[in-house]
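Taken in order, these protein sequences are the chains called A and B.
Positions 10 to 133 (my numbering) are the ones given, in order, by the first sequence.
Positions 10 to 133 (my numbering) are the ones given, in order, by the second sequence.
Here is the structure we will look at.
There are 2 protein chains.
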Amino acid sequence: MSKRKETSSNSINKEYIIECDLTYAISMVGGRWKLLILCRLEDGALRFSELRRSICNITERMLTLQLKEMEQDGLVRRTVYAEVPPRVEYELTHTAKELIPVWKQLSDWGARHRGCQMTVVKAG
Amino acid sequence: MSKRKETSSNSINKEYIIECDLTYAISMVGGRWKLLILCRLEDGALRFSELRRSICNITERMLTLQLKEMEQDGLVRRTVYAEVPPRVEYELTHTAKELIPVWKQLSDWGARHRGCQMTVVKAG
DNA sequence: TATGGTACTAACAAAAATGTAAGTAATGAG
DNA sequence: CTCATTACTTACATTTTTGTTAGTACCATA
């Protein structure tokens, strides 16, 4: 209790919090599909079939599962219209909108470095 | 070729690029561990055992695998010192440093919304 | 009557991620 | 000689994620 290495316990605690916050965030938006789905909803609500068509290679099952998880996690809002054929729309919640810079930056980073690789491949 | 719906082909192309860039980025830093490892290296190089101890619950195997992948992907630099017992240090590359804002923002977001949930749970 | 569109669900299978436990080489301490 | 340390590797088992296929209810159109 007398002497305390600030660089040790302090930073360890801080790191622990960061790890847990990051871990939590990753558990919410990690995985192959979630950010991809969220970024599709950036400009407004889309219906299920629009999402499916706009994300190439996603299956209906995966889209359903991911949307359901994100609805439960408070990232997307689901609205059912009593029409035939059925219409269901999905949109970002306020919480999810706060993540827009994250996927923007990730995507920009991807653009920069994917481009580099392609150049290298071309040059090779 | 005469008329072109700008809102359609244009945005579809743009979205396609975004999807692929995002997909690429996710393939590089997705998964349970990679961002967690990278954020540990933010303040400078760490050796294998330091990383292992600072990330609770990660196994040696996972740490090895993830570090190897990230080394191959140009995200971490691995330096071996010819000592006994062996010393191996890992540090972020320039490419990885560009991702610092991503995990910072994710972590901040996690802090904000993990806190909310805990409050809700307490209140319930 | 048959087909197609919509937004799913369920059963099952395959693939990918992760974990467990043990082993390795070199060397220094006891 | 035995044990500990470091940074791994290997074999195997388990868990999680993802894919495949088929089916459902409702109505419109051909």
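From the three backbone atoms N, C-alpha and C, an ideal C-beta is built for every residue, glycine too.
Burial state of residue i (16 or more Cβ within 10 Å)
{"i": "residue 68 of chain B", "result": "exposed"}
{"i": "residue 74 of chain B", "result": "exposed"}
{"i": "residue 99 of chain A", "result": "buried"}
{"i": "residue 103 of chain A", "result": "exposed"}
{"i": "residue 92 of chain B", "result": "exposed"}
{"i": "residue 19 of chain B", "result": "Caution is warranted here: a pLDDT of 46 is assigned to residue 19 of chain B, below 50, making its placement in the model unreliable, and the coordinate value is therefore given only provisionally. Looking at its Cβ environment, which holds fewer than 16 other Cβ atoms inside 10 Å, residue 19 of chain B is exposed."}
Residue i vs residue j beta-carbon contact at 9 Å
{"i": "residue 33 of chain A", "j": "residue 53 of chain B", "result": "no"}
For residue j and residue i, believed in contact at Cβ under 8 Å, the rounded distance
{"i": "residue 47 of chain B", "j": "residue 101 of chain B", "result": "7 Å"}
{"i": "residue 85 of chain B", "j": "residue 72 of chain B", "result": "About 11 Å; that fails the 8 Å criterion."}
{"i": "residue 116 of chain A", "j": "residue 31 of chain B", "result": "5 Å"}
{"i": "residue 70 of chain B", "j": "residue 60 of chain B", "result": "Going by Cβ atoms, the distance from residue 70 of chain B to residue 60 of chain B rounds to 13 Å, so no, they are not a contact pair."}
{"i": "residue 56 of chain B", "j": "residue 97 of chain B", "result": "6 Å"}
{"i": "residue 80 of chain B", "j": "residue 87 of chain B", "result": "5 Å"}
{"i": "residue 110 of chain A", "j": "residue 114 of chain B", "result": "6 Å"}
Sequence-distant residues of its chain with Cβ nearer than 8 Å to residue i (five each side left out)
{"i": "residue 64 of chain A", "result": "42, 45, 46, 49 and 72"}
{"i": "residue 10 of chain A", "result": "At residue 10 of chain A the pLDDT is 36, less than 50, meaning the model places this residue with poor confidence and gives no usable figure here."}
{"i": "residue 40 of chain A", "result": "75"}
7 Å CB neighbourhood of residue i in its chain, flanking five on each side removed
{"i": "residue 29 of chain A", "result": "none"}
{"i": "residue 112 of chain B", "result": "44, 47 and 48"}
{"i": "residue 105 of chain B", "result": "47, 84 and 85"}
{"i": "residue 16 of chain B", "result": "In this prediction, residue 16 of chain B scores a pLDDT of 41, lower than 50, which makes its location untrustworthy; the coordinate-derived value is nonetheless stated afterwards. Excluding positions up to five away in sequence, the list is empty."}
{"i": "residue 58 of chain B", "result": "none"}
Close-in-space but distant-in-sequence residues of the same chain around residue i (CB under 6 Å, 5 per side omitted)
{"i": "residue 37 of chain B", "result": "82"}
{"i": "residue 89 of chain B", "result": "97"}
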